[in-house]
Ligand code: HAM
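In my numbering, the protein residues as written are 49 to 452.
The structure is reproduced here in structure tokens:
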């Protein structure tokens, strides 16, 4: 096929069994979100590029290398959303949701776009379900959020390790940053080219660089947890206590920093034991609403990668019987009627559009994994019955439609 008629690199169709896995993930998550009483929000796929640049951070990989940015006909810079949080924060402020209630729990589902190098479970268009909680500063909200993430993994039967860390706040982060930059200058000779550049612009990111020499070089680096102010320390300690109380297993990873700049205090990632990558990730962002021009509003949330989870879940089995109605001869009106009656009784029915003899029809029934063939010829029409064939046993008998 000519290249122009293929999906662009990193973009993919979701079909058949893959789509069933997709729906298994999303419906399981939605069911849990209902129990936690999250309210859905749909925001645009496109925002002004600024919305992402200001929130995710000018020095991050997402903004520097991965955004699909374009101009509209009036020359306004727009971007396909690389993540959901920024748009939800924008919507929260623009719609003055803060004026309605003291706090909000929102969720969204939809496609995100990042110009990344495609590989298994990594696409340029992928899907997230994300949750955002606005207006709660206390650590029990963090604990409940992590509990929800844990429940999602359990419900999908996905093995993952919950890694947590604290990134501090306006009060304690600057001193830490300074100490870290100083340290990084000392080991600059051992850092990869990217990290040599990062160490001043985005020093925290050096801590989770995957290059081995960098990992070695930061082993002795100062850790944020040792610099936390009293409030941040208390927040972090309480979170860990609550998680233990709730039976949520976690592992502290003091090098966990996340690839987006808006985080404060709690950050976490659920890392798949099988894939070694994060399937759910998030944290607090207590200043973002304010930085966008809203009232000071602490907030937190996470997003899960649907395609990543699809790699780890089983394809769901159909939990209903499929009836395949096969008309022979001039019996179409009767066949339509039969299909109609069966559907009105709650059955799932496919009316065969295939032409040809019984053998070909039954072949198609097998292809569709039909449980029953409902065969209708002129005899059946005359007698007001159908021939019902059980596709598993091969047994066939004449019955009245009403009796199925
Ligand atoms: P993130 O870590 O950039 O966080 O993405 C969250 C999840 O989206 C990842 O853990 C991964 O499962 C999935 N994901 C990311 N990039 C790709 C890709 N190229 N292909 C497939 N899946 C991908 C955020 O987006 C934050 N907005 C999360 C958040 C919400 N923090 C607070 N609230």
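Here a beta-carbon is modelled for each residue, glycine too, at the ideal position from N, C-alpha and C. Please read all numbers here as calculations on a predicted model, not as lab measurements.
Where residue i falls: helix, strand or coil (DSSP)
i	result
residue 410	helix
residue 375	strand
residue 474	This structure gives no information on residue 474, because the portion of the chain shown stretches from 49 to 452.
residue 302	coil
residue 415	helix
residue 76	helix
residue 282	helix
residue 96	strand
residue 208	strand
residue 351	strand
residue 439	coil
residue 391	helix
residue 91	coil
residue 142	helix
residue 421	strand
residue 239	coil
Spatially closest choice to residue i from the options, by CA coordinates
i	options	result
residue 275	215, 252, 451	215
residue 336	374, 277, 100	100
residue 157	90, 68, 266, 329	90
residue 272	199, 386, 323, 284	284
residue 311	50, 113, 103	103
residue 347	74, 190, 306, 144	190
residue 200	402, 148, 75	75
residue 188	72, 397, 290, 164	290
residue 430	421, 366, 448	448
residue 57	170, 83, 94	170
residue 166	128, 424, 59	59
residue 433	398, 375, 131, 67	375
Residue burial classification, residue i (beta-carbon count within 10 angstroms, cutoff 16)
i	result
residue 85	exposed
residue 314	buried
residue 392	exposed
residue 205	exposed
residue 383	buried
residue 409	buried
residue 441	exposed
residue 236	exposed
residue 443	exposed
residue 400	buried
residue 197	buried
residue 328	buried
residue 368	exposed
residue 148	exposed
Chain C contact for residue i (CB, 8 Å cutoff)
i	result
residue 74	In the structure shown, chain C does not exist; there is a single protein chain.
Practice problem: Could you tell me whether the segment 114 to 134 touches the segment 352 to 361, where touching means 3 or more Cβ pairs closer than 8 Å? | Solution: By the Cβ test, the segment 114 to 134 is not in contact with the segment 352 to 361, since fewer than three Cβ pairs between them sit closer than 8 Å.
Point to revise | Inter-stretch contact at 8 Å, needing at least 3 Cβ pairs: the segment 327 to 342 / the segment 132 to 150 | key: The segment 327 to 342 is in contact with the segment 132 to 150.
- Query: For the segment 246 to 265 against the segment 226 to 235, are there 3 or more C-beta pairs whose distance is under 8 Å?
  - Reply: Result yes; three or more Cβ-Cβ pairs closer than 8 Å.
Notebook entry, point to check: Are the segment 178 to 189 and the segment 144 to 158 in contact at 8 Å, needing three or more beta carbon pairs?
Noted result: With a cut-off of 8 Å, the segment 144 to 158 and the segment 178 to 189 count as touching, because enough Cβ pairs lie within range.
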